[in-house]
Amino acid sequence: MTMNTMGRPTAVETMEVPEVRTISGDRGLDHEEPLLFELGRKDMCGVDIPDSKLSDARLNGLRRKEAVGLPGLSEPEVVRHFVRLSRMNYAIDAGLYPLGSCTMKHNPRLNEKMARLPGFGDVHPLQPEQTVQGALALIAELMRWLTTLTGMPAVAMSPKAGAHGELCGLLTIRAAMESRGEQRRRILVPSSAHGTNPATAALAGFAVDEVPAEPNGHVDADALERMLGNDVAAIMLTNPNTCGLFERRTREMADAAHKVGAYFYCDGANFNAIAGRVRPGDLGVDAMHINLHKTFSTPHGGGGPGAGPVVLSAALAPFAPLPLLVHDEKGFRLIESPGDAPPNTKPFGRMCAFHGQMGMFVRALSYMQSHGADGIRQASEDAVLAANYILASLKDTLSAPFEGPCMHEALFDDHFLEGTGVTTLDFAKAMIDEGYHPMTMYFPLVVHGAMLIEPTESESKESLDRFIRVMAGLAIEAKSGHKERFVGAPYLAPRRRLDETRAARKPVLRWTAKAAKE
Amino acid sequence: MTMNTMGRPTAVETMEVPEVRTISGDRGLDHEEPLLFELGRKDMCGVDIPDSKLSDARLNGLRRKEAVGLPGLSEPEVVRHFVRLSRMNYAIDAGLYPLGSCTMKHNPRLNEKMARLPGFGDVHPLQPEQTVQGALALIAELMRWLTTLTGMPAVAMSPKAGAHGELCGLLTIRAAMESRGEQRRRILVPSSAHGTNPATAALAGFAVDEVPAEPNGHVDADALERMLGNDVAAIMLTNPNTCGLFERRTREMADAAHKVGAYFYCDGANFNAIAGRVRPGDLGVDAMHINLHKTFSTPHGGGGPGAGPVVLSAALAPFAPLPLLVHDEKGFRLIESPGDAPPNTKPFGRMCAFHGQMGMFVRALSYMQSHGADGIRQASEDAVLAANYILASLKDTLSAPFEGPCMHEALFDDHFLEGTGVTTLDFAKAMIDEGYHPMTMYFPLVVHGAMLIEPTESESKESLDRFIRVMAGLAIEAKSGHKERFVGAPYLAPRRRLDETRAARKPVLRWTAKAAKE
Amino acid sequence: MRYLPLTADDRRAMLRTIDVPGIDALFRDVPKEAVVGRDAFAALPDHQGELEVERTLSRMAAQNVPAGSVPFFLGAGAYRHHVPASVDHLIQRSEFLTSYTPYQPEVAQGTLQYLFEFQTQVALLTGMEVANASLYDGSTATAEAVLMAQRLTRRPKAVLSGGLHPHYAATVQTLASLGGKVVRAPAEPGRAEDLAGLIDEETACLVVQSPDVFGLIRDLKPVADAAHAKGALLIAVVTEAVSLGLIEAPGAMGADIVAAEGQSIGNGLNFGGPYVGLFATREKFVRQMPGRLSGETVDAGGKRGYVLTLSTREQHIRREKATSNICTNSGLCCLAFTIHLALLGGEGFSRLARQNHARATTLADRLSGIKGVSLVTPQFFNEFTLKLPKPADSVVDALAARGILGGVPGLRLWPDHAEMRDLLIVAATETSSEEDCDAFVNALAEVVS
Amino acid sequence: MRYLPLTADDRRAMLRTIDVPGIDALFRDVPKEAVVGRDAFAALPDHQGELEVERTLSRMAAQNVPAGSVPFFLGAGAYRHHVPASVDHLIQRSEFLTSYTPYQPEVAQGTLQYLFEFQTQVALLTGMEVANASLYDGSTATAEAVLMAQRLTRRPKAVLSGGLHPHYAATVQTLASLGGKVVRAPAEPGRAEDLAGLIDEETACLVVQSPDVFGLIRDLKPVADAAHAKGALLIAVVTEAVSLGLIEAPGAMGADIVAAEGQSIGNGLNFGGPYVGLFATREKFVRQMPGRLSGETVDAGGKRGYVLTLSTREQHIRREKATSNICTNSGLCCLAFTIHLALLGGEGFSRLARQNHARATTLADRLSGIKGVSLVTPQFFNEFTLKLPKPADSVVDALAARGILGGVPGLRLWPDHAEMRDLLIVAATETSSEEDCDAFVNALAEVVS
Ligand SMILES: Cc1ncc(COP(=O)(O)O)c(C=O)c1O
Ligand SMILES: Cc1ncc(COP(=O)(O)O)c(C=O)c1O
């Protein structure tokens, strides 16, 4: 080997790659990371706070006896801990994230910056109204966008996520019913519905009747009409539905529902397919939640927070929950009690403390203003175009239960895997090795081994083509018997397949000093 | 295999790990990423800027003829591109970064936040002085900290990094010499000096004479005194020196230099070992630069920016470059021309436009105020303690050329690798596989196959122990003949060993459409 | 449009592959009459650049008075604390910010591990055995707690203390009265009302907040005993999580479920949301607990890892039989909470709590020294209630006019309760500086004189 | 102290391992008399928490007038442009912010690839063959360019145009006169002076800025020819990089070296620094070029990758024979530049440039329409010079008093040149809104009337 005078080699030696076992257990840039509780030390602290000695006089004899038991770490250790954890995550920013129904689209950083303006991020919900006129104006402006885009007269802003919006919508319906002196207790929900729909209906005190799906993936409108009766409070449809299809007969079903005095709740989680092109208000919808964290791109943050405003028809508007936002000569005001509510309104109550997910409102409005009405329409069209492009490109290699065209997501089933010994789950895990986050698996329940792919409008054609090439390639490998690539996958992720059964059998839900000792 | 009704397996299959070749070329969370120029498309744009049509009337007939040729990408693509690139980097935030002489210590985010306050980040260098009094006050306050910590009467703030500070110091010395009507042209620089020292001396128009080192790693003070003469403008020492040792005979050498009318320039890159405990002013130093990006933790940012203020003795202070910051009844003022300079001062000129690295000044002051004088001393002591802990723990497994104790960095050589066929470079690359960034290699030049380890004060004992365990383990593997682990390393990084010879032989320094086609 | 990567050429090529004439063909399932054009949204502008959007929104933001820009003393369910800069930096890491609920654990260990750490921290703070991976906020967590108690006891009635934040009470009422009955004890500012009398065989749970909405520290032991004696559960509510650094943990006083607001650790005021609901209970109740859970397990290689577990409680598996309908929760707010608490550690957390209490006691003494002003809450943590010689809402307005945000007036929380007219709820934290307090004391003295 | 992870116990244990009695033993090489105690720094405070530090620094920041808070029209070497939010977010990624110069390429491909992309972008903008991975800023890049020309031509003399930013000229003078000679042509506002006459056999290079410090767009072709005719090199200087989106590239006009300030793309004003020096030249000169270079190569597995290359030019290898002493440069500012330019792309970049020019021309027309005010620079990009009926510095102060930052007065850049007294250098960018311009025009009319 040639070296320079400092003993530094001047050429590279190439050789075969041996199986490298490291001493540290870390591998290159992939670091293992213990729990905070395993890192901490008693006398360490990541903040500098002067100590204040004080009397217990005002503590009602309830000063905490035992130490809380939190570990002590310095700031550098805390930063490193969470940076290392972050590096074990997949993210939209790092790659295509085709999680159907979840709408993993680009999260602009402008929105993060705007939400952090002190005028929005550092104001208290109970400040005097004259000191938060800009914040209230922002909510009003967002309400204007939402009602205009949906073609609905009103919107309730306090729900904190989609499911919370569903609850808000059903409680509004319940209140409307009761104000008519009716006690209807049935709600019709399609079998393809998202789990939150039946769960919400039950939570709101309704009985859930399942509406079957047609072989083509649409709700069986005839069956639904047969099931309708004057004991039905509402029908709860998702449109576009969870198979990624637009319910052709929505209007019909809405009318049928209205005919028997029931309301039409629409799950708007998939509004991102039609925003700017179709107004739910034109389809007879009485209530629909909008997941700002889907259609309007507020970041999912590993599971939240989100926001689920509910647009309401004229029939339901009067029953919207508190607080209400009104505007008069004195500017914007919040109405926080039934007593102060405008004449012909009967707020059904409160969904939560304060007045909603302001942080998400700012981001959503920033997103809307950036796109504009033209951009929102274009985004919907691009989302639908991308999904259909994937459907068309893969339907012969994979298997699609329903004919296209689809809306914003393309649904496949596991038919193409029959006899390969490879399951939808295995296929998904192999995608991880390929550098992709898997699509939504086993949902909707109406098809076997469902694979629901939502590319969103945020992917370039090059990115979609690459994804299609890899998916087709995997399908071919599965069919040609390379079972081990799938069944043991993932091999290249921070962890191999995790044992969920074991986790549920004897749940370990927290760290304890005792367990640690053992 | 057991499955549930949706065809989802309910248990994990464990099996041997096959060598997985992916279709995509990506591997799990490790994505390959093309160049921007390979991703871009002509009609795409990542910003929305209204088009403005305009006349060429005012363009002097020099409107650009050919398109610039930049690729077009949307914002989501740009974000993903750089997020992916970032994930190929090692960082302090992700792990121990023992790069000797570079001082990779914790970079507090508070400092980033402070530097971004509009009052600092969004002010123009030429704004009327009455509109930037706070910014000038901050510079003055930082000057107070620097002069107090170093025990020197003055400081020049405009140098943009350490090497720029060296230049500023030598030019000050040159100006002082000339004001004495002298034309001395020799500068004495130890063989262990950092490359910037001789390079700077040459740049400043001096001849460099190399002072030999003693076998114990210290500068040969006797040799230095012998080399001194009235043609010597300055001695340029690094203290603590690049072997991580404190030059015991500094004061002596300073006096000897002064005796012959020469000045003492001290390279302060290693000030972080003694800050708060020793004042260079007490050692006879006439000029010393301080790397704010080392001792005071402004982030290295992959190679910069930094800041290199130079503290000056009373003898040199009058010759400091423009601009000068003064304070009078009208507040703070900047002096930008020799004409306006205070009586007994003779600024030698200008180091650069405007008045220095304000962004780094804010970060450094935020760091200093957070640590306080007590914390700065503690940090120095912890840095020295950590280095000695490593030296003591590894000197028997690796080989140390010099006796301890050391200052803030521990120096090893490649003696322990003799006969193993493993070089310092190989050893460093194996560290990468273990999840560590290598130490500084082959510097200082005074020892063979140097390994210069600077742990800094930012590592916990647990982290140091782990590092020591891994280093010792690697040394043992090398000695026990596991050559291939080293010679082919790294195996587990985003890239295996890169061919630097090839890169230099036929340099490809940019992307070109032509080359891309081929 | 900067966010849309498809070019006109791309769109044409894709339509060709799909083999349709144009985009409209893909929307063919939409009834023609339901398709609208740009004119239907005439009231909405076209797309705009960052610069323009930033201008518009900044102008709106400028019309508000940020808490940090003035002496600030509001609490009542949302508290202003100093959040270290590293918290906001870390939660914005792409891998945290732009990832979904960790459905694919092999590439979501970052999220799953911090949720596991969050659950542990919440259990430690509240003194309970287990905690979930968050609910929306304190108020909805309280409502879920009541529903859970109704399920566990198979009893309809929930008794709410008058010291429970009125927004929380209203939220509980809205939900828990659907399938059951909610009884609200009248508010008795500064007193721990006697609730034992309201418990009967019908009673599923007692809901008591401490420190209560007036700031009063409640001893939960007696109420817990009273509840348990009648086979009912005690739900303890905490709106200021920092208080748990100084005050006895609800778990140690006999609480069966703790529902709390986690905003004050790691999260900003945000004009009311997003916040983070903390939910902790006894191990034996875990299968009736709402919300996500991260649990420890091992991977095929034997390495420790984490997964979402016990999902048979959840809507996506159990549908109408689920323990709750919650899906999206407060993920990123949990992360902020977890990081801030990791930085504080045991020592920092109790120092912070002590500092808050010290500030508040000093301020309470000074304010109640003002003529005509009296302290209503003898014991408190960092928040207390004053009785003023004038209507509190007008006083607050007068203070605001002087550039001071001086607390929450009783009528703001109880609009229909005249007896609250003169009450002012005041909070002080580590962010209330000496000067801020001086300014407040002087201004209040002026305003009420 | 929150940043120091060692506990007292840790320190004791480590000292035991090292086998010394205490920390002082480790400093034994330091002469006793040189060791000082806390008292030596009595003037400096002890450590403080984030909250306290943030308060102090925020108070200082509040004593400045941020450009974004008022109508703002300063340029003269530093320009205010809108930087997309994603730029500042991305450069703060830990892996970019807290990594060192990419000495270990296998774990620094992120940095090396963006530097390679940066070099390509700079070469494209300037119309040159190669560019380096940045120098400190435009002024030091210009000085390095002159030194390089002196090395290449082995000639001592550098001729500087009077239109060169005076700070740049002073920087060049300081450095290039050490081993050579610097001749500065007098400034002739609004005119392209004749430099040909100053070139002789001694001349290494001609240094011409365009747009020049007054905003005037210079045709470099004739000067390039004149220089080349005498065997000298042309160094083109650009202080507003955005101008390259609309104006002919220096490379296309015959420049041999281009030295430019990159601040206006991706980087903020920062009161003067850190900025980023762009440096581009001809391929044949590359071995005399200062600064770092990222070059393409392959790894042992045959995969494409990048490394720092041609380091035989650099100080760490060549020591006193290096082409420059530069080590730390402007890494992170390059990244901001690269990301912003990637977002702009070809289309966005030229739109931005056109928008800037349009704004400036409109403003110039309106301002020069004011009685007594005249336009000195007939051709310009986004910056121009006005002659006022009064001393410009007093006018600027008067404008500042009215809340307008209205340009740079001649005396600020040429303190000793009375002839510059009435000149005002004004810049307008995409951030100068209609309202800002109106306010400026009205205020100036008042002030000069
Ligand atoms: C179709 C559908 N409905 C409802 C929901 C629930 O929305 P959230 O998670 O915001 O509560 C989701 C989210 O996954 C969904 O996909
Ligand atoms: C000992 C020494 N001197 C000088 C320098 C040069 O400082 P800078 O890189 O800030 O120019 C360095 C930096 O590596 C150094 O380690």
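Protein chains in written order, with the numbering used here: chain A, 1 to 518; chain B, 519 to 1036; chain C, 1037 to 1485; chain D, 1486 to 1934. C-beta: ideal position from N, C-alpha, C; glycine also.
What does DSSP give as the partner residues of residue i in its beta bridges?
| i | result |
| --- | --- |
| Ser1330/C | Leu1344/C |
| Ile421/A | Ile is not the amino acid found at residue 421/A; the sequence shown has Gly there. Answer by DSSP bridge pairing: none, since Gly421/A is not bridged. |
| Thr958/B | Leu970/B |
| Met806/B | Cys784/B, Val829/B |
Determine the extent of the beta strand (DSSP E) in which residue i is found, giving its start and end residues.
| i | result |
| --- | --- |
| Ala1061/C | Careful: Ala1061/C lies outside any beta strand (DSSP E), inside the alpha helix (DSSP H) at 1059-1062. |
| Arg1669/D | 1666-1669 |
| Arg704/B | 704-708 |
| Gln1245/C | 1239-1245 |
| Thr1766/D | 1762-1766 |
| Arg333/A | 331-335 |
Are there any heavy atoms of ligand 1 lying less than 7 Å away from the beta-carbon of residue i, as far as the coordinates show?
| i | result |
| --- | --- |
| Gly359/A | no |
| Ser1360/C | no |
| Gly819/B | no |
| Ala1144/C | no |
Only counting the same chain, and skipping five residues up and downstream in sequence, which positions put a Cβ closer than 6 Å to that of residue i?
| i | result |
| --- | --- |
| Cys1771/D | The residue asked about is misnamed: residue 1771/D is Val in this sequence, not Cys. Around Val1771/D: Val1615. |
Who are the near neighbours of residue i in its chain, counting only those whose CB is closer than 7 Å to its CB and skipping five residues on each side?
| i | result |
| --- | --- |
| Asn748/B | Val778, Gly779 |
| Arg1003/B | Ala948, Glu995 |
| Glu214/A | Asp220 |
| Ala901/B | Asn790, Ala791, His926, Thr974, Glu975 |
| Gly95/A | Gly435, Tyr436, His437 |
Which residue marks the beginning of the alpha helix (DSSP H) containing residue i, and which one marks its end?
| i | result |
| --- | --- |
| Met431/A | 424-433 |
| Ala1117/B | Here chain B covers residues 519 to 1036 and nothing more, so residue 1117/B does not appear. |
Any heavy atom of ligand 2 closer than 7 Å to the Cβ of residue i?
| i | result |
| --- | --- |
| Ala681/B | yes |
| Gly1776/D | no |
Using DSSP with H/G/I as helix, E/B as strand and the rest coil, what is residue i?
| i | result |
| --- | --- |
| Asp1055/C | coil |
| Gly1700/D | coil |
| Val12/A | Its pLDDT being 47, under 50, Val12/A is placed unreliably by the model, and the measurement read from it follows with that caveat. It is coil, neither helix nor strand. |
| Gly359/A | helix |
| Thr1421/C | strand |
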